[in-house]
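Working notes for the structure below.
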């Protein structure tokens with residue numbers, strides 16, 4: 126808790142850094158343990174009244190240990206409904222928090238989030254085409270295609286204006302988001318009949334209620350293949366923090382790195398959005414919350430943000446499905462509802478310490 | 002300008018002619034005042050030009066033999082039942098969606114009769130006060146009131162009362178229709194096997210289901226079923242699949258609409274690893290109802306008859 130004071134004394138900075146280098150490792154181990162514990166706890170919570178030993182027995186049976194103590198339907202509740210949904214929540218939370226942290230670094234914009242480059246609006250347009258216009262494609266495929274199309278247009282627009290700079294990219298993203306958002310609204314407004322708006326509303330707010338094993342596969346593979354390398358790129362991002370010129374002089378190929386990281390983050394976000402809809406708050410605010418605790422260095426920030434994101438979304442979704450049982454809320458409502466006050470508390474704490 | 006002047010003149014002449022008429026018959030056909038969703042509405046005379054929004058209002062008028070008063074319909078849930086098809090033929094359909102105020106006013110109605118209260122807002126058919134200022138009365142199917150006079154748990158008494166209220170507004174005798182519905186209701190023998198049922202309207206990730214106090218509950222209850230979501234104090238609710246799997250209903254009532262067919266929901270249930278294991282899905286124990294049957298009105302009694310008719314052919318334990 127002496128860190129904020131140390132920042133004001135330049136001489137003390139080196140020693141603080143060194144002690145902070147061991148701390149993130151400890152925090153990381155604790156968070157990993159916390160994530161596993163959260164997943165284990167969340168799988169025992171739900172509207173169906175299942176005992177903890179039965180839930181453990183059911184999961185063990187699917188992993189090849191013993192016989193499930195539950196009948197087919199209750200076994201299905203644990204293995205086909207709860208567990209894939211919780212694992213998807215963990216992957217999506219990790220992916221969004223990580224993407225948000227990287228986007229904020231790449232664009233040097235505090236308000237950057239994973240959806241900044243038009244990704245969520247593009248994905249929404251893809252989803253609306255399937256849900257309302259009856260385009261015969263699987264929803265995640267359409268959403269992913271929409272997200273990538275929006276990204277391509279954003280980068281194309283930014284590139285057409287000259288060198289790709291943070292400001293140009295952000296502004297191009299704003300333009301593409303608005304356009305895709307307008308088309309989405311038009312489609313909804315034009316074609317919603319009866320109660321069909323509910324499905325699309327749930328998707329636009331972000332919901333994990335449809336997450337089954339295919340969703341785990343999509344989010345999990347994206348996180349492993351794209352997310353892990355990004356989470357390990359903290360050293361490069363630290364160089365970016367000083368501006369393009371300084372980064373170049375430190376030997377970082379600025380344009381190439383920006384392209385690769387932007388593309389990677391977009392792929393990761395696109396995959397997450399395709400299974401969960403546009404869940405807000407996680408990617409925008411969690412990186413800030415973690416930064417308040419770890420300091421600005423990206424080597425610690427990226428992996429820790431991913432872990433915090435995973436734990437956060439697991440619990441947010443558990444609340445979304447159990448708080449008003451048997452009714453359900455879109456998780457996107459819960460993330461902001463819990464997240465905003467928690468974040469305000471963190472900000473207030475930092476102010477009183479500084 | 003000239004046309005307007007002529008029209009005004011015509012109105013003056015008409016007013017001049019018709020003004021003495023009510024004075025001649027002051028009590029025989031007095032004004033009818035109802036409090037509708039908290040808004041008092043007075044009908045000096047029976048409405049002659051009615052715009053109906055949602056199927057419940059259209060079908061109420063058709064059932065009362067007032068089809069000739071409808072000058073336009075909007076936002077219909079689907080085709081009207083066979084018995085009224087001939088009366089509904091040729092009625093102008095303003096819009097498949099919520100109509101705009103201008104499109105409604107263009108038909109010069111003296112009453113806008115809506116099945117949903119949300120029809121009366123600035124971005125739909127217009128605010129009720131604004132319509133009233135223009136001399137257009139507004140009426141919401143009372144069971145659908147949400148801003149005031151929110152009904153409690155729906156019963157057939159309320160539906161019959163509403164038939165009577167609409168009949169009195171139009172100065173027609175609703176007793177024959179009410180008697181017919183009461184008779185049909187009395188003739189219904191509820192299923193006595195203690196079956197549980199799910200009313201599945203729409204949605205794949207988070208299903209939208211019939212809950213504990215509205216028309217879906219009334220239909221299921223009257224048919225002798227126990228609604229698995231009877232405890233939720235709402236007409237409809239977004240439920241989680243987990244609670245449905247746990248309840249494992251004996252029957253699933255699928256709502257069929259153009260935009261969300263019963264078949265699409267059936268395909269989804271049968272292709273899902275868990276939902277395909279539900280007793281009702283394994284037994285093909287589906288009952289299909291049109292969307293309009295899920296709203297309280299003259300279709301509610303026929304909905305129960307339809308449910309029990311379909312039940313005969315189903316295999317349930």
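Residue numbers (this note's numbering), protein chains in the order written: chain A, 126 to 479; chain B, 2 to 318.
Built from N, CA and C at the ideal position, the CB exists for glycine as well.
A direct Cα-to-Cα measurement between residue 253 of chain A and residue 181 of chain A gives close to 38 Å.
Residue 73 of chain B counts as buried, since no fewer than 16 other beta carbons sit within 10 angstroms of its beta carbon. Distances from the alpha-carbon of residue 179 of chain A to those of A/162, A/201, A/159 put A/201 closest.
Close to chain A, meaning a Cβ-Cβ distance shorter than 9 Å, are the following residues of the region 228-241 of chain B: 229, 230, 232, 233, 235, 237, 238, 239, 240, 241.
Taking 7 Å as the cut-off between beta carbons, none of the residues of the region 288-315 of chain A comes near chain B.
A/204 is the residue among A/204, A/393, A/429, A/235 whose C-alpha sits nearest the C-alpha of residue 276 of chain B. In the three-state scheme derived from DSSP, where H, G and I count as helix and E and B as strand, residue 257 of chain B is classed as strand. C-alpha of residue 300 of chain A to C-alpha of residue 232 of chain A: approximately 16 Å in a straight line. Note on geometry: alpha-carbon atoms of residue 373 of chain A and residue 423 of chain A lie some 18 Å from one another. Nearest to residue 58 of chain B by alpha-carbon distance, out of B/145, B/47, B/124, B/104, is B/145. A residue is called buried once 16 or more other Cβ atoms fall within 10 Å of its Cβ, and residue 303 of chain A, having fewer, is exposed. Taking 8 Å as the upper bound for CB-CB distance, residue 60 of chain B and residue 81 of chain B are in contact here, some 6 Å apart. Judged by pairs of C-beta atoms under 8 Å, the region 110-127 of chain B touches the region 145-164 of chain B, as three or more such pairs exist. A check of alpha carbon separations from residue 311 of chain B across B/222, B/286, B/167, B/297 identifies B/286 as the nearest. Looking from the CA of residue 245 of chain B, the closest CA among A/452, A/274, A/275 belongs to A/452. Within 8 Å of the CB of residue 205 of chain B, the CB atoms of chain A belong to 324, 335, in sequence order along the chain. Flagged as an interface residue toward chain A: residue 244 of chain B, by a C-beta distance shorter than 9 Å.
Counted as a single uninterrupted DSSP element, the beta strand (DSSP E) harbouring residue 51 of chain B occupies residues 51-54.
With a threshold of 16 other beta carbon atoms within 10 Å, residue 354 of chain A falls short and is exposed. Annotated as proximal: residue 199 of chain B and residue 210 of chain B, with beta-carbon spacing under 9 Å.
Pairwise C-beta distances place the region 323-343 of chain A out of contact with the region 462-473 of chain A, as fewer than three of them are shorter than 8 Å. Nearest CB-CB separation between residue 181 of chain A and chain B: not below the 9 Å threshold.
For residue 332 of chain A, the neighbours in chain B by C-beta distance under 8 Å run, in chain order, 206, 207. In this structure, residue 375 of chain A sits away from residue 316 of chain A, with a CB-CB distance that is not shorter than 9 Å. In the three-state reduction of the DSSP assignment, residue 272 of chain B falls in the helix class, which pools H, G and I. If only complete runs of 4 or more residues are kept, the region 320-361 of chain A shows the alpha helix (DSSP H) at 322-330, 338-347, 353-356, in order along the chain.
Interface criterion not met: the Cβ of residue 440 of chain A is under 9 Å from no Cβ in chain B. Think of a sphere of 7 Å around the beta carbon of residue 429 of chain A: no beta carbon from chain B falls inside it, the nearest being about 31 Å out. Between the C-alpha atoms of residue 222 of chain B and residue 32 of chain B there is a straight-line separation of about 38 Å. A residue is called buried when at least 16 other Cβ atoms come within 10 angstroms of its Cβ; residue 102 of chain B meets this threshold and is buried. In its chain, beyond the 5 residues on either side, 330 have a beta carbon closer than 7 Å to the beta carbon of residue 458 of chain A. Closer than 9 Å to the CB of residue 80 of chain B there is not a single CB belonging to chain A. The Cβ atoms of residue 290 of chain B and residue 281 of chain B do not sit closer than 9 Å to each other.
Membership of residue 138 of chain B in the beta strand (DSSP E) is indicated by the continuous run 138-141. For residue 314 of chain A, the enclosing alpha helix (DSSP H) has its first and last residue at 291-316. Using beta-carbon distances, residue 142 of chain B does not count as an interface residue toward chain A, since no partner is under 9 Å.
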